[in-house]
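Chains as they are written, first to last, in the UniProt record's numbering: chain A, 1 to 313; chain B, 1 to 520. Down below is the structure, laid out as structure tokens.
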Amino acid sequence: MLTFILKRLGFALITLICVLTLVFLVVRILPGDPALVILGDQASPDSVAALRDRLGLNDPILVQYASFLGRALQGDLGNSMVTGRPVTSEILNVLPYTLELTFAALVLGTVLGVPAGVWAAVRRNRIPDYLMRLVSLIGLSLPAFVAAIILMMVFAIHFGWFPVISAGNAETLTERLRQMALPTLALALIMMAYITRVTRSAMLEVLSQDFVRTARAKGVSPSRVVWTHALGNCLIPITTVVGLYLGILIGNSVLTEIVFSRPGLGKLILTALTQRDYTLLQGMIVVYTLMVVVVNLATDLTYGLLDPRIQYK
Amino acid sequence: MITKLMRTGLAAGLLAATALTAVPALAQQTTLTLGADAADIGSLDPHFASSTSDRTLAAWVFGGLVRFQPGSTDPAGIEPDLAESWESTDDKLEWTFHLRQGVQWQGGYGEVTADDVVFSIEKAMNPDTSAFSGDYAAVDSVEAVDPYTVKVTLKNQIPSVLGILANYAGGFIVSKAAYEERGESFARNPIGFGPFELDSVEPGVSATFKGHADYFRGAPQLESVVYRFLTSSSARDLAFVSGEIDASKGLADKQWLARSSAIEGAAVDIFDPAELSLLNINVTQAPFDDIKVRQAVAHAVNPDIFVQYRGPEFTRPGKSVIPSNNLGFSEDVGMYEYDPEASKALLEEAGYGDGLTVKMLASQLNSLESNALLLQSLFEEAGITLELEPVEHATWHQMIRQDLSPLVQYGAARFPVADVYLTQFFHSDSAIGAPGQVTNFSHCSVADDQIEAARVETDPVKQLALWKEAQELIVKEVCAVPMAEVAQVWVRKAALDWGYELKGAMSLGPVVTEATHFTE
């Protein structure tokens, strides 16, 4: 087990260095000059030249690369070119927002999605099944920001139950939860749609297997057959989807963040990209890579917990 | 793209919602919450504040030797700020400013003195510590005669000495002690002598300012101003409708204006500077090196189309190659009439009787994209096929600075004295590829003599005549074709009184002053 984890972490380090190199090159191949973006179109040519010099953009590319990689491996991601704040603190400032939203959506999506999928499978080709399939289809096909705006129009504007701006200055826990409710729901709807569909198809397959028939023949109660015997055997595909989707959710919450005016990693990377903030972009890619690696590793380890037959070598 | 989709999707729904929701009754309020089109603070070092949002904030925190009257961008109305009075020698090369006594810095940094002024102007002149160093090329020296007197000496005359010392760009005065103490972090912890000081920043969420109790014009009526970062225009609109923000940056768009004006208890401010959009034509690249082709383009553009499309409330047809609020602007510069038939005839003469196909790089920024599409349809009528090559905005900025597009549609507002716009867009020193490259995309050089002569002309009448001549020459040569000017637009609760009539703001957003308050 320990060897497995160490080996995976070793691979992760190699992946990380490759990604770092790629990102370093890509942001520099991108057209668009950070000095011009930072100083604006009225800046004097002297000021632009001076800033390029200060940012180290005039150094040979190999020198820039070596200094970037060297510092990155020591955990120093440098300072944002635009705000001058350390990249690490820029990221840590918004990370809690992203994590709280992602995990809240994940939990809500799973809690709603798994039972819905099971229910649909058990009542296959009957009204609950059609209903669940329709709902999940809507969840999958409705773009995140449309769902977000509809939620906002109905619950924030029409009923006034929740604030439009979902961030900042929450003094009490209730207020914080009120702020988080709509964005969480918007993301959880998509999450739930995925999980419902995966659970449903996995359950359909398992329910037609011999051991289920045997269990029923032995007189095990129907709910025990469904919720313990069958669902237990569906957890691997469900975990895979949750794990995969968690990575996607962290990266793709940008539209939700924009609509609900929340800070977050998605919005930060979008800003970094439009401003050609090389250092911030690089730093964020490092963090993304790390998160994907960690989530994948956690998913793999969960398999072992769910299925004792899985051995880590 | 994203915001455009959201806007389209939202338009209908928002109308319904505004009808359903009454704006809640307002209590007497001392906190002002504004919605900004920005993701975060960039730099609050005023000499590096270049984005619309940073410029807006710098004007609350800092002041200059002199200032534009609140609500105005008229350089003729510049009035005392830190300096109580000033005089210049007859040759206009030596300027002496007498400072107000007892003006206090924010954060307990003591009194503002001549040393701070000297330090600030020298900082603004230095390309290492200022983005606007180019504006101060004519300044020879700045010295503190005594703690309340500053002498500025110029190498040569410039059109607006007060302009570069006003509360705008490099003219803002910073606290020498605070800057030396804080170094680069001054950009995040600024100290000025303006009516509001930075209290705290929650990255990506908001910046909070509190009233500067010792402000020399009196303590501000508002206790604090919360500046919320709301990058999505629909989120700003909804937050305004729900009463979570008191004022917000709007969109120069007909539908937006209709929606916002319909909100009960809301007022819309439309103010200068209007950004003038020009179609710059590279006179050195084929087929535009032929003046007949450029004239054909000039006859093809109908400025009124842009006005109709965006809305006449905040759009004016372009009448010259510089913005209409500029000192030196002239409406009578011999613009080519809109006449697509004349375009076709000119193209025929130039040897393009079968039609002409030209390419233009187009930024994907909303406003630029819609203008480009309007141009495309206007060109079509005149027998010119305009092929648009859409690119991302920052990429576009770089590509047009490499002469990669013979046609460049560019919107800009500048310090409102003709010299600035004419120099940056039409003087050969500013041409793309020249050492002093700014934004002369057309490689225009026909008016160099007039621009230079006007810059040092002491007789205002002669100066105006030179600027008019320069505009005529540029129009005649078709270095650029004026499209339209679009003003700034904000929506606010009617109960919010800025403390002045908002007709203009050099900082591109409302200046919150000591007099800003709520009437309910």
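Yeah, the Cβ is synthetic: ideal placement off N, Cα and C, and Gly gets one too. This structure is a prediction, so every number in the text was calculated from the model and none was measured.
Assigned secondary structure, residue i (DSSP; H/G/I helix, E/B strand, else coil)
i	result
isoleucine 14 (chain A)	helix
alanine 16 (chain B)	Annotation note: pLDDT 40 at alanine 16 (chain B) (below 50); position unreliable, no value reported.
arginine 401 (chain B)	coil
methionine 132 (chain A)	helix
threonine 21 (chain B)	Since pLDDT at threonine 21 (chain B) reaches only 42, below the 50 mark, its modelled position is unreliable, and no value is offered.
histidine 517 (chain B)	strand
serine 1 (chain A)	Going by the sequence as given, residue 1 (chain A) is methionine instead of serine. If DSSP states are grouped into helix, strand and coil, methionine 1 (chain A) belongs with coil.
valine 295 (chain A)	helix
leucine 268 (chain A)	helix
glycine 411 (chain B)	strand
serine 370 (chain B)	helix
lysine 344 (chain B)	helix
glutamine 104 (chain B)	strand
alanine 11 (chain B)	Low local confidence applies: a pLDDT of 44 at alanine 11 (chain B) is under 50, so the model's placement there is unreliable, with the coordinate-based value given in what follows. Alanine 11 (chain B) falls in the helix class under three-state DSSP.
tryptophan 396 (chain B)	helix
threonine 153 (chain B)	strand
leucine 273 (chain A)	helix
histidine 158 (chain A)	helix
proline 159 (chain B)	coil
phenylalanine 132 (chain B)	coil
leucine 222 (chain B)	coil
asparagine 93 (chain A)	helix
Within chain B, partners of residue i - CB distance below 9 Å
i	result
leucine 142 (chain A)	Here the premise fails: no neighbours, minimum Cβ distance about 11 Å.
threonine 83 (chain A)	Asp40, Ile41, Gly42, Ser43, Ala187, Arg188, Pro203
Cutoff 7 Å; reference residue i; Cβ partners in own chain excluding five residues on either side
i	result
valine 114 (chain A)	Ile195, Thr199, Ile238
residue 364 (chain A)	No answer is possible for residue 364 (chain A): it lies beyond the span of chain A, which begins at 1 and ends at 313.
methionine 125 (chain B)	Ser133, Tyr136, Val139
serine 166 (chain A)	Gln179, Met180, Leu182, Pro183, Phe260, Ser261, Arg262
proline 190 (chain B)	Leu44, Asp45, Val61, Leu198
proline 24 (chain B)	Confidence is the limiting factor: at proline 24 (chain B) the pLDDT is only 45, short of 50, which leaves the residue's position unreliable and the question unanswerable from this model.
histidine 427 (chain B)	Asn440, Asp448, Ile451
serine 206 (chain B)	Val226, Tyr227, Arg228, Phe229
threonine 98 (chain A)	Ile250, Ser253, Gly264, Leu265
valine 48 (chain A)	Ala35, Leu36, Leu39
threonine 172 (chain A)	none
Proximal chain E residues relative to residue i, where beta-carbon distance stays under 8 Å
i	result
glutamine 437 (chain B)	Absent from the structure is chain E; the protein chains it does hold are A and B.
8 Å Cβ cut-off: residues of chain A touching residue i
i	result
threonine 395 (chain B)	Leu30, Pro31, Gly32
phenylalanine 132 (chain B)	Gln42, Ala43, Ser44, Ser47
leucine 327 (chain B)	What leucine 327 (chain B) touches in chain A: nothing, since even the nearest Cβ is about 18 Å away.
For residue i: DSSP bridge partner residues
i	result
isoleucine 270 (chain B)	B:Val489
methionine 360 (chain B)	B:Leu388
proline 86 (chain A)	A:Asn79
asparagine 126 (chain B)	DSSP output for asparagine 126 (chain B) lists no bridge partner at all.
arginine 228 (chain B)	B:Gly35, B:Ser206
valine 66 (chain B)	B:Pro80, B:Ala166
Within chain B, the residues that residue i reaches when beta carbons sit closer than 8 Å
i	result
arginine 276 (chain A)	Ala394
serine 253 (chain A)	Going along chain B, no residue has its Cβ under 8 Å from serine 253 (chain A), so there is no contact; the nearest lies around 13 Å.
glutamate 90 (chain A)	Pro203
Residues near residue i by beta carbon distance below 6 Å, same chain, minus five either side
i	result
serine 367 (chain B)	none
lysine 92 (chain B)	Gln157
leucine 305 (chain A)	none
phenylalanine 48 (chain B)	Ala131
lysine 468 (chain B)	Ser330
Chain-order list of residues whose beta-carbon lies under 8 Å from that of residue i (same chain, five-residue window excluded)
i	result
glycine 102 (chain B)	Glu111, Phe216
leucine 404 (chain B)	Leu361
proline 266 (chain B)	The amino acid occupying residue 266 (chain B) in the given sequence is alanine; proline does not appear at that position. Within the same chain, alanine 266 (chain B) has close Cβ partners Val23, Phe240, Ser260, Val491, Arg492, Lys493, Ala494.
glycine 504 (chain B)	Phe68, Gly71, Ser72, Thr73, Asp74, Phe271, Asp272, Pro273, Asn325
valine 117 (chain B)	Leu65, Leu82, Phe97, Leu99, Val142, Ala144, Val150, Ile173
Neighbouring residues, chain A, relative to residue i (Cβ below 9 Å)
i	result
methionine 360 (chain B)	Within 9 Å Cβ-Cβ: nothing; methionine 360 (chain B) doesn't reach chain A, min ~17 Å.
valine 241 (chain B)	Ile157, Val164
methionine 506 (chain B)	Correct list: empty, because the minimum Cβ distance to chain A is about 12 Å.
Within chain A, the residues that residue i reaches when beta carbons sit closer than 7 Å
i	result
proline 323 (chain B)	Within 7 Å Cβ-Cβ: nothing; proline 323 (chain B) doesn't reach chain A, min ~14 Å.
aspartate 128 (chain B)	Ala50
Amino acids of chain B, ordered along the chain, whose beta-carbon sits closer than 7 Å to that of residue i
i	result
proline 263 (chain A)	Pro203, Gly204, Val205
leucine 55 (chain A)	Neighbours of leucine 55 (chain A) on chain B: none; closest Cβ ~12 Å, over 7 Å.
Cβ-heavy atom distance, residue i to the ligand GDP, below 8 Å
i	result
phenylalanine 229 (chain B)	With respect to the ligand GDP, the structure shown offers nothing to examine, as it has no ligands at all.
Handout entry: Ordered list of alpha helix (DSSP H) runs contained in the stretch 456-500 of chain B, each at least 4 residues
Key = The stretch 456-500 of chain B contains these whole alpha helix (DSSP H) runs: 460-477.
Practice task
Enumerate, from N- to C-terminal direction, the unbroken alpha helix (DSSP H) stretches of 4 or more residues contained entirely within the stretch 164-240 of chain A.
Solution key: List check, alpha helix (DSSP H) in window: 173-207, 210-217.
Exercise for the section: Output the residue ranges of the alpha helix (DSSP H) runs that lie fully inside the stretch 239-298 of chain B and measure 4 residues or longer, sorted by chain position. Expected result: As far as the stretch 239-298 of chain B is concerned, its whole alpha helix (DSSP H) runs of at least 4 residues are 254-261.
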